[in-house]
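Residue numbers 1196 to 1276, in the numbering used here, belong to the letters of the sequence shown in order.
Positions of the beta carbon are idealized from the N, C-alpha and C atoms, including for glycine.
The structure presented is a predicted model; accordingly, all values stated were derived computationally and were not measured.
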Amino acid sequence: MSGPHKKDPENRYSTARSVGAGILVPGMLFGCVVVGVVLGYYADKWLGSSPWGVLVGLVTGSVAGVREMLKLLKKMQGESK
């Protein structure tokens, strides 16, 4: 069937990748921060160093999340060329 309603498979693939990245990137950033804070919380309970473990976990998780997000975006940019 030809006509204006026929969709280009390559265009659909590109759109699906963009939507997936739009979901994955913030999810990865959020997940890294949550893991860092949870590990910091348990480190505080174990070491009795409240609130330093949570703060270190927050910073470490944020840095890790941004780093992984940039790596993913760079990889995706390289694949699109």
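Annotation for serine 1244: Ala1238 place their beta carbon closer than 8 Å to its own, counting only its chain and skipping 5 residues before and after.
DSSP, reduced to helix, strand and coil, places aspartate 1239 within a helical segment of the structure shown. Rounded to whole angstroms, tyrosine 1236 and glycine 1215 show a C-alpha spacing of 31 Å. By the C-beta density criterion, glycine 1217 is exposed, having fewer than 16 other C-beta atoms within 10 angstroms. Proximity to methionine 1271 across Arg1212, Glu1205 and Gly1226 peaks at Arg1212, based on C-alpha coordinates.
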